Each structure stands twice: as structure tokens, then as C-alpha cells.
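For our numbering, count along the sequence shown from 1 and bump the result up by 198. Idealized CB from N, CA, C, for every residue including glycine. Given the structure is predicted, the values throughout are model-derived calculations rather than measurements. Beneath this line is the structure, given in C-alpha cells, with notes to follow.
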Amino acid sequence: LKNSICYQDHIIGKMDKILEDRGIAEDTITILTSDHSIRFDYDKDQKKGKPQISPGEEQNALPFIIRHPNIEKKISFDGIGSHLDIAPTLLKMVGISLNDQFQGINLFEEDRSTKITFIISTVKGFNIILRDDEYQYYYDLSNNRIAIRYENLSSTGQEYLPSDFPARNEIYKKLCIQFIHFQRQYLATIFS
Numbered sequence: 199l200k201n202s203i204c205y206q207d208h209i210i211g212k213m214d215k216i217l218e219d220r221g222i223a224e225d226t227i228t229i230l231t232s233d234h235s236i237r238f239d240y241d242k243d244q245k246k247g248k249p250q251i252s253p254g255e256e257q258n259a260l261p262f263i264i265r266h267p268n269i270e271k272k273i274s275f276d277g278i279g280s281h282l283d284i285a286p287t288l289l290k291m292v293g294i295s296l297n298d299q300f301q302g303i304n305l306f307e308e309d310r311s312t313k314i315t316f317i318i319s320t321v322k323g324f325n326i327i328l329r330d331d332e333y334q335y336y337y338d339l340s341n342n343r344i345a346i347r348y349e350n351l352s353s354t355g356q357e358y359l360p361s362d363f364p365a366r367n368e369i370y371k372k373l374c375i376q377f378i379h380f381q382r383q384y385l386a387t388i389f390s
């Protein structure tokens, strides 16, 4: 792990030097992120026949760092976001207004309390995690399984049946279906 971190640090330094040597460092925004986080063995020690619906958000914890020489003020955001939020965040930073073609949100909006965040995972089938403040809604499309977590949102936390939160379940499921529809429509547009 330490070697991996040192290697990544070395590569970032090398990239910075290349930008400076070519005289384009001042005109380049550098974004550091990854496609996934560390994957834990989330089935370990679980009772047979009663697997917990996973993965949780900690398995989707990704770095997202934006760097540019002209960014003077350091801003950090420790909330929940996803890859869907990268484009809207960057576009807003450079002054481009957003429209309905993005499902993501600008991570630096002041009022994010009512924003729904989608986290997509394909660890075992196609899964969507929807985050709404202290609620986490998990929708497993491959098995049509649903779970809701409340307050304790980790993959090892308490899970509730959809019937425990019927109103929220209806709203969240509808949002997930809209999300899937949007993705399919978007892909069809790209590849048509």
C-alpha cells in the first residue's frame, strides 16, 4: 500500500513537471480521481441464506481533487458525491450554466440538504445507492431487491425493509427508475 501511494505521488509530480516544461501548467486544470475505492469482502462472516445487501458508501469512497495554479483558496468538501457530479462541478467552476442533461450536482452548492445523490455500483449485478440526507436507499436491479438504511448508513449497518418506510420507498424507487431511464436514453443518443 505504501509503495502504491509513493508511486502515485511520483507520477503526479512527473505529470506536473511535464506541464511546466511544456509551458502549459498555467492553462491546465488537473483532476485527480479514480474509478473505484478499495473493495472489501463484504460477504465475510455473514449468515448463510441471509446476505446483507451491499456495498455501502465506504466502498465507493473516491478521491476527487481539482488543482490549478490560479486556485488560491483551498476548499474541501466532505459530503457524499459521485462521478456524476464531476462534470457539473467543473462546468459551474468555469462559469458554464447547467441544464437537464446532467443528473449530477455541483458539489460546492451552498444548499445541498435537499439534493439526492446517486452512487452506482456493479460489484454484484447493477446496483444503485441513493443518498438522501440520513437515508440511504439501495436498489439491486439484477435481483430486484431493495433495502433502506437509516442513520447508520454503512454496509454493516442496520437495514430496513421497504415496508418500514413506505412513502420514502415509493419516492426513491421512482427516482431510481427515472435514473435508469435517463441513462439508457443518454446511451442511446450517444451510440445512435
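- For the 8 Å CB-CB criterion, Asn325 and Ile346 do not form a contact.
- Contact between Leu328 and Ile318 does not hold, since the beta-carbon distance rounds to 10 Å and is not under 8 Å.
- Note on geometry: alpha-carbon atoms of Ser352 and Arg220 lie some 45 Å from one another.
- The secondary-structure analysis by DSSP pairs Asn325 across a beta bridge with Ser319 and Asp338.
- For the 8 Å CB-CB criterion, Pro286 and Glu224 do not form a contact.
- For Leu217, same chain residues with a beta-carbon under 7 Å away, outside a window of 5 residues either side, are Ala223 and Thr226 in chain order.
- Look at Asp330 here: in three-state DSSP terms it is strand.
- As the crow flies, the alpha-carbon of Ala365 is around 47 Å from that of Ile210.
- Comparing C-alpha distances from Phe262 to each of Leu230, Lys200, Phe316 and Asn201 shows the shortest one belongs to Leu230.
- Here the C-alpha atom of Asn304 lies approximately 6 Å from the C-alpha atom of Asp283.
- Per DSSP, Ile284 is one residue of the alpha helix (DSSP H) stretching across Ile284 to Met291.
- Between Phe316 and Phe275, the CB-CB gap reaches or exceeds 8 Å.
- Per DSSP, Ile278 lies in no beta strand (DSSP E) and is assigned neither H nor E.
- In this structure, DSSP gives Phe380 a helical state, which the three-state scheme calls helix.
- Nearest C-alpha to Tyr358 among His379, Leu373 and Tyr335: Tyr335.
- It is roughly 8 Å from the alpha-carbon of Phe380 to the alpha-carbon of Gln301.
- Going by C-alpha positions, Gln356 is about 40 Å away from Ser295.
- Here Lys371 is near Tyr337, since their CB atoms are less than 8 Å apart.
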